[in-house]
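Residues in the sequence shown are numbered from 13 upward in steps of one, following our numbering.
We put the CB at the ideal spot given by N, CA and C, even for glycine.
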Amino acid sequence: MAELVMIARLLLSPLLLILSACGVGGTSYSNRIGSNGHDVLYSKAHVKDGVARFECKASDSGACHYTLYPDACAGKADCTLAPLQRFSVARGETRQVAGLDAFRVCVGIDAAALGPDCQPAGKAP
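Here it is, written out as structure tokens:
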């Protein structure tokens, strides 16, 4: 049994080294709103080492509208901290933003302001 563990470690070590060199890691976000099998909104974001990449895969409006809040606001409609950033990404495009750390992604299909709970500002969930 000990020999099997040793062989497994020897075989897996190079694989883990290769995966770590390929950039596996970080935090990923995915937001998807569907209706009758159709993606009304589909957005992905990946953050690693303070650099975030936002990808608007689908949006009925033609763009994904992002509002980024400090992570301390996560799910709190009454959070008084201002958004870190607001921006739009056209459908099929990506945007890279450096210097981000500990944030919450809110995304919608229109430019209406989103609150820290990712609901339209001024409306209860």
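Option nearest residue i by Cα separation, candidates the options
| i | options | result |
| --- | --- | --- |
| T100 | G49, L80 and T92 | Here residue 100 turns out to be Ser, not Thr, going by the sequence shown. Minimum Cα distance to S100 is reached at L80. |
| A75 | R116, A133, S55 and A86 | S55 |
| Y41 | S47, G49, A57 and N48 | A57 |
| A94 | R116, S73, Q108 and R107 | R116 |
| E67 | K60, Q97, L126 and N43 | N43 |
| Q97 | C118, S73 and T106 | C118 |
Anticipated Cβ contact below 8 Å, residue i with residue j, distance rounded
| i | j | result |
| --- | --- | --- |
| A89 | D51 | Not really, about 27 Å apart at Cβ, beyond 8 Å. |
| G120 | H77 | 5 Å |
| V109 | A70 | At roughly 21 Å, the Cβ-Cβ gap does not stay under 8 Å, so V109 and A70 are not in contact. |
| G87 | K60 | At roughly 24 Å, the Cβ-Cβ gap does not stay under 8 Å, so G87 and K60 are not in contact. |
Short Cβ contact (7 Å threshold) for residue i with residue j
| i | j | result |
| --- | --- | --- |
| G62 | G111 | yes |
| V124 | P132 | In the sequence under discussion, the amino acid at residue 124 is Ala, which differs from the Val named in the question. Yes, Cβ-Cβ distance for A124 and P132 is below 7 Å. |
| A8 | D83 | Summary: the structure shown does not reach residue 8, with the chain confined to residues 13 through 137, and so no result is reported for it. |
Backbone secondary structure at residue i - three-state DSSP
| i | result |
| --- | --- |
| A57 | strand |
| D83 | helix |
| C68 | strand |
| G46 | strand |
| A75 | strand |
| L126 | strand |
| D90 | coil |
Where the beta strand (DSSP E) containing residue i begins and where it ends
| i | result |
| --- | --- |
| G120 | F115 to G120 |
| Q97 | Q97 to A102 |
| Q3 | The displayed coordinates of the chain run from 13 to 137. Any statement about residue 3 would go beyond what the structure contains. |
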